[in-house]
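Using the numbering used here, the first residue of the sequence shown is number 40, and each one after it goes up by one.
Okay, so here's the structure we're looking at.
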Amino acid sequence: MERSKNKLFFLFGTLLLVLLIYIPSLNRDWLFFDERILKDESLFPTPSSISEIFEIIKYFVLNCHLESMNTFFSSQLSVRSEPILTSISVVLMSYFFKKNPFPYHTLQLLIHLINTALIWVIFYKITKLFSNKISLPNLFLISLFTAIWALHSANTEAVLLATNWNMIFTYTFCFGFILYETFKIIDNDFKVTSLEFFLIPALVLLSMFFAEHAYTFPLVIFFFIFAYTYKKIGSIREAGVTSFKLSSPYFIGIAIFVLYSFIRNNPATKSFLGSNTTYLFIERNLWLVPQIFLSFLKLLLFPKTLSTYQSNLIHLSSTLFDLHSVLCTLLYLFFILSPVILLFSRKNQDIRLICLLIYAFYFALFPFLHVLSPNYCLIADRYCYFPSFILLVILFSVFHSLIDQKKLKSALILLSSLLLLLSGRTIIRIQDWSNGDKLLESAIKIENNPLYKAQKLITYTTQLQIKGKKASAKKSLEGSLPFLKMALKQFKILRKKYPSQPAILQSYGLDYDSLIIKTAYLITTVKEDYYHEDAKKILAFYEPYIKNKLHLAFINEIAMYANILVKAGQTDKAVQVLENAHNRFLYCSSILHSLSNYYLISNKTLEKAFDILQYAYKYYPGDLQTLIQFFRYYTLKNDLENQAKFAYLIGLRSHSTKAYQKAAQIHLDLKGQKI
40 MERSKNKLFF LFGTLLLVLL IYIPSLNRDW LFFDERILKD ESLFPTPSSI SEIFEIIKYF
100 VLNCHLESMN TFFSSQLSVR SEPILTSISV VLMSYFFKKN PFPYHTLQLL IHLINTALIW
160 VIFYKITKLF SNKISLPNLF LISLFTAIWA LHSANTEAVL LATNWNMIFT YTFCFGFILY
220 ETFKIIDNDF KVTSLEFFLI PALVLLSMFF AEHAYTFPLV IFFFIFAYTY KKIGSIREAG
280 VTSFKLSSPY FIGIAIFVLY SFIRNNPATK SFLGSNTTYL FIERNLWLVP QIFLSFLKLL
340 LFPKTLSTYQ SNLIHLSSTL FDLHSVLCTL LYLFFILSPV ILLFSRKNQD IRLICLLIYA
400 FYFALFPFLH VLSPNYCLIA DRYCYFPSFI LLVILFSVFH SLIDQKKLKS ALILLSSLLL
460 LLSGRTIIRI QDWSNGDKLL ESAIKIENNP LYKAQKLITY TTQLQIKGKK ASAKKSLEGS
520 LPFLKMALKQ FKILRKKYPS QPAILQSYGL DYDSLIIKTA YLITTVKEDY YHEDAKKILA
580 FYEPYIKNKL HLAFINEIAM YANILVKAGQ TDKAVQVLEN AHNRFLYCSS ILHSLSNYYL
640 ISNKTLEKAF DILQYAYKYY PGDLQTLIQF FRYYTLKNDL ENQAKFAYLI GLRSHSTKAY
700 QKAAQIHLDL KGQKI
C-alpha cells in the first residue's frame with residue numbers, strides 16, 4: 040500500500056510540475072504563424088449546425104489534400120492527402136470550439152499530459168527490467184527523466200502549436216504500444232494472440248489516419264522489443280526472433296496503410312528538378328541528411344536556439360567536401376554502422392542493449408531526415424517530440440547499467456540541475472509564444488542571415504499592419520531594406536566564390552543563384568505590396584533576376600513575375616510563364632488558380648480552364664477560389680444545374696447567404712423549365 044502511494048505521489052507530482060509550467064500558455068490568442076489556418080478557416084469552414092458537419096465532410100473532407108511549402112525554407116512543394124481522421128476531427132472541433140483558441144490549447148496540453156503519464160509508467164516498467172526492487176531514489180529518477188522529456192525546450196513547439204495536435208496524438212498511440220510491449224516483456228509473454236493480430240494493426244492504421252509521421256514506428260518498436268527482450272532472456276538470436284514475432288502486427292498495420300495510400304493514388308512530394316533521380320538521392324543521403332542529422336542532435340542535446348523558423352538556422356556547407364560536411368557525413372556513418380559492429384563483436388549485454396536502442400532512436404528520427412524523399416521543411420523544433428523520448432530511454436538504460444545505488448544520489452543532483460535549466464529555457468520559450476509579436480521578435484533576434492532576417496521583418500510588418508500599428512509597421516519595413524541590400528550583395532559575392540555547388544542545394548533552392556532570386560522576389564514584394572510602385576518600373580528591376588532563371592525559381596517567385604507582367608500589359612507572356620510553371624508544379628493550387636483565371640477570360644480557352652479546374656477540384660475540393668472559378672465557368676457555359684451546385688458549395692464554404700440564395704433561385708428556375 041505504501042509503495043503504491045509513493046508511485047502515485049511521484050507520478051502526479053510530475054504531472055503537476057508539467058501542468059504548472061505550461062498552464063500560462065493556455066490563455067493566449069491565435070498566432071500569426073500556422074494557427075491562423077484554424078482562425079481563418081483555411082482548411083474547412085466552421086459548421087453552424089449538425090447537418091452542415093455532414094455536408095462539409097461529404098464535399099470538402101473526403102478527398103482533401105494538404106499543400107505545404109515555404110519559399111524561404113526550401114523550393115520543395117509537398118502535397119499529400121490530409122489524414123482523414125484529422126480532417127474530420129478539425130471539422131468537429133471547429134463546431135464545438137468555434138474560433139476560441141482556449142479549448143484548442145487546453146486539448147493539446149491534455150494530450151501532452153496523457154503522454155507524460157504514459158512515459159512515466161514506461162520508465163517505471165523499464166526500471167523493473169533492471170531491478171526487482173524499486174526504491175524512492177528510483178522513483179525520483181523516473182520522475183526526473185519523465186519531466187526532462189515533458190519539459191524539454193525543443194518540445195515546446197509541439198505542445199503549443201495548435202495545428203500540431205494530431206502529431207502528438209498519434210504519438211499517444213505509439214507510447215501506448217511501447218508500454219503494452221514492456222508489460223509483455225516483464226511478464227515473459229512472448230506470444231502474439233489472434234486478438235492482437237487483429238487489434239494492433241487496426242490501432243496502427245487508426246493512428247496513421249491522424250498523422251503519417253509515425254510510419255517508421257514498427258521499426259522503432261522492433262528494436263525496442265529486441266533490446267529489452269535480449270536484456271530479459273540473454274540470447275541475441277532468440278531475442279531477435281521473438282522481437283520480430285512480437286512486432287509483426289505493427290508491420291502488418293503499416294503495410295495495410297501503404298496499400299490504402301497506393302490505392303488512393305496520393306500525389307508524392309514533388310521537386311522541380313526530379314529529386315528522386317539516383318545521383319540526387321545519393322547526394323542527399325550522403326551530404327544533406329548527415330548535416331540535418333547533426334542539427335537534430337544539437338537541438339536535442341543543447342536546445343538553446345529555438346525558433347518557429349528552425350529551417351533557416353541550419354548550417355549547410357557550400358561545397359561537397361568542406362570540413363563541416365565531411366565531419367557530418369563521418370559522424371552520421373559512424374552512428375549508423377558502429378552499433379551493428381559492436382552488436383556482433385562485443386559480448387557485453389549492456390553494450391548490446393544500447394546498440395539496439397540507438398537504432399530505435401534513428402528510426403524515430405528517420406521520417407524527418409529527408410532520407411526517402413525531400414520535404415519543404417529541413418528541420419523543426421516540433422519534430423523532436425518522439426525522438427527525444429527514445430533518446431532519453433537510451434540514457435535511462437545507460438544510467439541503470441553504469442550507476443549503482445551509491446552513486447545514484449549524485450546522479451539525481453546532476454539530473455535535477457539539468458531539469459532546472461531545461462525548465463527555465465522552456466518557461467522563456469512559453470513566454471515567447473504568449474503572443475505573435477513576441478514570437479516573431481524572438482525569431483528576428485536570433486537570425487543572422489540577412490535574407491531571412493529581412494523576410495521575418497516583412498512578415499512582422501504585415502502582422503503589425505493587421506493590428507493597426509502603422510508607425511511600428513513602417514519602422515519594421517524600413518528596417519528590412521538594409522538587410523535586403525546586404526543579402527543581394529553577399530549572395531553575389533558568394534556565387535563567384537563558389538561557382539559549382541552541390542546539385543542537391545539547387546534542388547532545394549538553397550544554392551546562391553536561387554537565393555539571389557529569393558532576395559529579388561522579396562524586394563519586389565516590398566515594391567509591389569508596400570510602396571505600390573509602377574508595374575513597369577518593378578518589372579525592370581525583377582525581370583533581369585528571374586527571366587533566364589525560371590528553371591530555378593519557386594512558385595511564389597514565378598507567380599509574382601506573372602502578376603507583374605500582367606500589370607505591365609504583357610498578359611500573353613504571363614500565361615506562358617504560368618503554363619511552364621504548371622508543367623513543373625502539377626499540384627500547386629496558386630498556379631492552377633492563376634492559369635484558370637486567365638483561361639476564363641476568353642471563350643477560346645474555356646476548355647483549357649475546365650481541365651485546370653477539374654485538376655484543382657480533384658485535390659483541393661474545399662478551396663474557395665476553385666469553387667468560384669468553377670461557378671464562373673458554368674455561368675459562361677450556361678449550365679444551370681452545375682451553377683446551382685457550385686453556388687451551394689460556395690455558400691457552404693464561405694457562409695455566404697447570397698450564394699445560398701443564388702443556388703435556391705437557380706433550382707427554382709430549373710424546376711420552372713421542367714414544368
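Glycine is no exception: its CB is placed at the ideal position from the N, C-alpha and C atoms.
Coarse secondary structure for residue i, derived from DSSP in three states
i           : result
residue 88  : coil
residue 231 : coil
residue 473 : coil
residue 632 : helix
residue 618 : helix
residue 191 : coil
residue 313 : Reliability of the predicted coordinates at residue 313 is poor, the pLDDT of 42 falling under 50, and no value is obtained from them.
residue 354 : coil
residue 107 : strand
residue 442 : coil
residue 503 : helix
residue 373 : helix
residue 262 : helix
residue 67  : coil
residue 571 : coil
residue 540 : coil
residue 660 : coil
residue 274 : coil
residue 363 : helix
Euclidean distance between Cα positions of residue i and residue j
i           : j           : result
residue 146 : residue 600 : 43 Å
residue 287 : residue 213 : 15 Å
residue 42  : residue 663 : 60 Å
residue 672 : residue 650 : 11 Å
residue 118 : residue 164 : 40 Å
residue 260 : residue 281 : 12 Å
residue 161 : residue 236 : 23 Å
residue 591 : residue 110 : 12 Å
residue 262 : residue 61  : 33 Å
residue 170 : residue 385 : 23 Å
residue 631 : residue 655 : 6 Å
residue 222 : residue 478 : 42 Å
residue 351 : residue 186 : 29 Å
residue 179 : residue 451 : 8 Å
residue 539 : residue 587 : 18 Å
residue 709 : residue 688 : 18 Å
residue 381 : residue 265 : 15 Å
residue 48  : residue 499 : 45 Å
residue 438 : residue 156 : 21 Å
residue 715 : residue 349 : Within the shown structure, residues of the chain are numbered from 40 to 714, placing residue 715 beyond reach of any answer.
residue 491 : residue 482 : 10 Å
Residue i, buried or exposed, once every other Cβ within 10 Å from all chains shown has been counted against 16
i           : result
residue 558 : buried
residue 563 : buried
residue 318 : exposed
residue 643 : exposed
residue 143 : buried
residue 99  : buried
residue 230 : exposed
residue 608 : exposed
residue 303 : exposed
residue 219 : exposed
residue 677 : exposed
residue 605 : buried
residue 570 : exposed
Candidates the options: closest to residue i by CA position
i           : options            : result
residue 204 : 128, 525, 258      : 128
residue 622 : 593, 380, 451      : 593
residue 695 : 708, 667, 243      : 667
residue 45  : 136, 67, 175, 114  : 175
residue 123 : 690, 359, 245, 450 : 245
residue 528 : 510, 552, 511, 545 : 552
residue 375 : 349, 405, 387, 352 : 405
residue 475 : 185, 536, 75       : 75
residue 414 : 568, 202, 547, 367 : 547
residue 251 : 488, 365, 693, 403 : 403
Practice item. Mind listing, in chain order, the continuous alpha helix (DSSP H) runs of no fewer than 4 residues lying wholly within the segment 117-180? Key: You should have 123-136, 140-169.
**Study point:** Segments of 4+ residues assigned as alpha helix (DSSP H) that fall wholly inside the segment 382-406
**Key:** For the segment 382-406, whole alpha helix (DSSP H) runs of length 4 or above, ordered along the chain, are 388-404.
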